[in-house]
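A.B. asks: Residue numbers (this note's numbering): 35 to 151. Ideal placement from N, C-alpha and C gives every residue a C-beta, glycine not left out. Since this is a predicted model, take the numbers as computed values, not measurements.
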Amino acid sequence: MNERHRIPVTVFATMVGVAGAIDALAAMLTPLIIGFALNSILSMLAWVLFYIWFQIQSVKFLEGGLRKAIVYFGGGFLELIPIINILPIWTLTVVLTIFIVRVEDAEYNKKMIEATV
35 MNERHRIPVT VFATMVGVAG AIDALAAMLT PLIIGFALNS ILSMLAWVLF
85 YIWFQIQSVK FLEGGLRKAI VYFGGGFLEL IPIINILPIW TLTVVLTIFI
135 VRVEDAEYNK KMIEATV
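#1: Going by beta carbon distance, what residues of the same chain come within less than 8 Å of Q93, once the five residues before and after it are set aside?
#2: How many whole angstroms separate the CB atoms of S74 and G110, which I take to be in contact at a CB cut-off of 8 Å?
#3: Are there three or more Cβ pairs, one per stretch, closer than 8 Å when the segment 53 to 62 is compared with the segment 139 to 147?
#4: Taking the C-alpha atoms as reference points, what is the distance between P96 and V129?
#5: Of the choices I104, F107, T125, L83, whose alpha-carbon is the least far from that of A47?
#6: For my contact list, I147 and T64 are in at a C-beta cut-off of 8 Å; report their separation, rounded to the angstrom.
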């Protein structure tokens, strides 16, 4: 039986730390006049970074329903809205996406155990 644990604790902690740093940088840039443009660029780069990172961890956004896709793409969209991007949306998006992945992995592992019994 192959148990599925797509996002280990160390990767979880690193992803949340990077998301927190991106959110902190966005909050610091927001008061600046050029911050609105820089925040949009930062948000797009963060979206690509986390998309690739989740793909490396074998997380498919349309697998197992639309929950992951709605959370991830919705969070990315919210980060593009000026003033709202002061909120720690990337951190929340990453945490919620990983939580959904962990729930999916637990359900998968439970089905695998039941199938072998």
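C.D. replies: Taking the definition as stated:
#1: Inspection of the sequence shows that residue 93 is occupied by Val rather than by Gln. R40, I41, K102, T131, V135.
#2: Not quite, the Cβ-Cβ distance comes to about 11 Å (not below 8 Å), so this is no contact.
#3: As far as the Cβ criterion goes, the segment 53 to 62 does not touch the segment 139 to 147, which means the pair count is below three.
#4: Sequence check: residue 96 is Leu here, not Pro. Approximately 18 Å, taken between the alpha carbons.
#5: With distances taken between Cα atoms, A47 lies closest to T125.
#6: The beta carbons of I147 and T64 sit about 48 Å from each other, so the pair does not count as a contact at 8 Å.
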